[in-house]
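Asks: Read left to right, the sequence shown gives residues 0 to 280 (numbering that gives the first Met the number 0).
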Amino acid sequence: MKFPKTLGKLAVERDEIEQIMHQQFSSMLPNGTHSPYLIVIPAFNEEESLAYVASKLPEEINGHRPMIVVINDGSTDKTEAIANQLGLNVITSPINRGQGASLRTGYLEAISADFEVVAIVDADGQWDPRDLEAVMKPIITGNATISQGSRSLGETRVGDRFRDFGVVFFAKLIRLLTKTKVTDTSSGIRAMSVEMLKELRLNQPQYQSSELLISALISGGKLAEVPVVMEPRFGGVTKKGKNLRYAFSYSAVVLKTALREHFITSVLAHTKTARTQPEHV
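(1) Is it a yes or a no for the segment 80-90 touching the segment 161-174, going by three-plus beta-carbon pairs under 8 Å?
(2) Can you list, in chain order, the residues of its chain with a C-beta nearer than 7 Å to that of Pro226? Leave out the 5 residues immediately preceding and following it.
(3) Short check: CB of Asn88 to CB of Val68, under 8 Å?
(4) Identify which residue in Pro137, Ser218, Gly124 and Ala100 has its Cα closest to the Cα of Glu17.
(5) If you reduce the DSSP assignment to three classes, tell me which class Thr177 lands in.
(6) By DSSP, does Leu222 sit in helix, in strand, or in coil?
(7) Note down the Cα distance separating Met27 from Thr5, rounded to an integer number of angstroms.
(8) Using the C-alpha atoms, what's the distance from Ala143 back to Thr237?
(9) Quick one, are the C-beta atoms of Leu201 and Glu194 less than 8 Å apart?
(10) Go ahead and pull the three-state DSSP assignment for Asn95.
(11) Can you tell me whether Gln125 is buried or exposed? The criterion is at least 16 other CB atoms within 10 Å of its CB, across all chains shown.
(12) Classify Asn30 as buried or exposed, calling it buried when 16 or more other Cβ atoms lie within 10 Å of its own Cβ.
(13) Can you tell me whether DSSP reads Glu154 as helix, strand or coil?
(14) Can you give, in chain order, each stretch of the alpha helix (DSSP H) that sits fully within the segment 161-220 and has at least 4 residues?
(15) Suppose the cutoff is 8 Å on Cβ atoms and the five residues either side in sequence are ignored; what does the same chain contact list for Pro231 look like?
(16) Where does His33 sit, in a helix, a strand or coil, going by DSSP?
(17) Might you give, ordered along the chain, the residues of its own chain that have their beta carbon closer than 6 Å to the beta carbon of Leu37, omitting 5 neighbours on each side?
(18) Reducing DSSP to helix, strand and coil, say where Ser149 ends up.
(19) For the alpha helix (DSSP H) that contains Pro135, what are its first and last residues?
(20) For Thr184, does the count of other Cβ atoms within 10 angstroms reach 16, so buried, or fall short, so exposed?
(21) At what residues does the alpha helix (DSSP H) containing Ile81 begin and finish?
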């Protein structure tokens, strides 16, 4: 029986586009020792908000200057040019693949380059990069393997009642599926241990925040949540689509991931038990 491969295996089995982006990323790494922390900013047509987000990025975390990379997902506006003007590292996909694919690229590079912690912050300005240190702290101290900012524990100022309801609904659903208390399942600011990432299976082109969270928790990961404030978009337009379509697609990813992970966990546990049973003669 074959299972979806973990990111650790995928790190040496990239597809053609991932190979192109790997070459771009590798050329940015300093010779010798680099920072233990990588901050990834996925961006697709975010020319209006990228400079605002960059202005709030922390210069230092836990005594180290983090490496920051913008993953430009085939933008057709000035996202790449602005990232370069701001002096940010930027790697560009020749086509638009979806945020999930962009994030997976960031995770693969974090694994390949032996970073210790990788953090994510969206490029739309809804999540404050100044919260990154607080979100990363539980990972750095070893108190968690995955950490995220929670608007439910903090505050949301977006003013979308449908989305607010969705946050509560999906938190309850994922809590049921993973038996872990979760208050926010689609946070745009989060961090995780790179060692944990190596064991996860991630293949969704969109809505990967839920796939990541569910995979981590069912695999035994320890979650930390930090109160944060979610603001309205600084600029540009959302890429998530209409509310009902978003809810349906998000639900599909949640259920598909939970079924996959529970099935794999069950089969692996059964296989391990069978191998440890004494032979009868």
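Even for Gly, the Cβ is constructed at its ideal location relative to N, Cα and C.
Replies: On the basis of the data shown:
(1) A contact is defined here as three or more CB-CB pairs under 8 Å, and the segment 80-90 fails this definition with respect to the segment 161-174.
(2) For the purposes of this step, residue 226 is identified with residue 227 of the sequence shown, where counting begins at 1. Excluding positions up to five away in sequence, the list reads Ser149, Leu152 and Gly153.
(3) As a first step, residue 88 is located in the sequence shown; it is residue number 89 there, counting from the start. As a first step, residue 68 is located in the sequence shown; it is residue number 69 there, counting from the start. Contact flag set, yes.
(4) In the sequence shown, residue 17 corresponds to position 18, counting from 1. Taking only the C-alpha atoms, the option nearest Glu17 is Ala100.
(5) For the purposes of this step, residue 177 is identified with residue 178 of the sequence shown, where counting begins at 1. In this structure, Thr177 counts as helix in the three-state DSSP scheme.
(6) Walking along the sequence shown from the start, residue 222 turns up at place 223. The answer is strand: DSSP assigns Leu222 an E or B state.
(7) The residue you call residue 27 lines up with position 28 of the sequence shown. The residue you call residue 5 lines up with position 6 of the sequence shown. Distance between the alpha carbons of Met27 and Thr5 is about 25 Å.
(8) For the purposes of this step, residue 237 is taken as residue 238 along the sequence shown, with counting starting at 1. For the purposes of this step, residue 143 is taken as residue 144 along the sequence shown, with counting starting at 1. One alpha carbon belongs to Thr237, the other to Ala143, and they sit about 31 Å apart.
(9) Walking along the sequence shown from the start, residue 201 turns up at place 202. Walking along the sequence shown from the start, residue 194 turns up at place 195. Between Leu201 and Glu194, the CB-CB gap reaches or exceeds 8 Å.
(10) On the sequence shown, residue 95 is found 96 positions in, with the first residue counted as 1. Coil at Asn95, not helix or strand.
(11) To locate residue 125, count along the sequence shown from 1; it is residue 126. Under the 10 Å beta carbon count, Gln125 is surrounded by 16 or more other beta carbons and is classified as buried.
(12) What you label residue 30 is simply residue 31 of the sequence shown in a count that begins at 1. Exposed, since its Cβ has fewer than 16 Cβ neighbours within 10 Å.
(13) Your numbering for residue 154 matches position 155 in the sequence shown. Here Glu154 sits in strand by DSSP.
(14) 193-196 and 207-217
(15) Taking the sequence shown and counting its residues from 1, one reaches residue 231 at position 232. Hits under 8 Å: Gln125, Arg156, Val157 and Gly158.
(16) Against the sequence shown, residue 33 aligns to sequence position 34. In this structure, His33 counts as coil in the three-state DSSP scheme.
(17) Counted from its first residue, the sequence shown places residue 37 at position 38. Apart from the 5 residues on each side of it in sequence, Leu37 sits with its Cβ closer than 6 Å to the Cβ of Met66, Ala109, Phe114 and Val117 in its chain, given in chain order.
(18) Within the sequence shown, the letter at position 150 stands for residue 149. In the structure shown, Ser149 sits in a strand (DSSP, three-state: E or B).
(19) On the sequence shown, residue 135 is found 136 positions in, with the first residue counted as 1. First, the amino acid is wrong: residue 135 is Met here, not Pro. Its alpha helix (DSSP H) spans residues Leu131 to Ile139.
(20) Translated into positions along the sequence shown, residue 184 becomes position 185. It counts as buried.
(21) As a position in the sequence shown, residue 81 is number 82, starting the count at 1. Here the alpha helix (DSSP H) through Ile81 covers Thr78 to Gln84.
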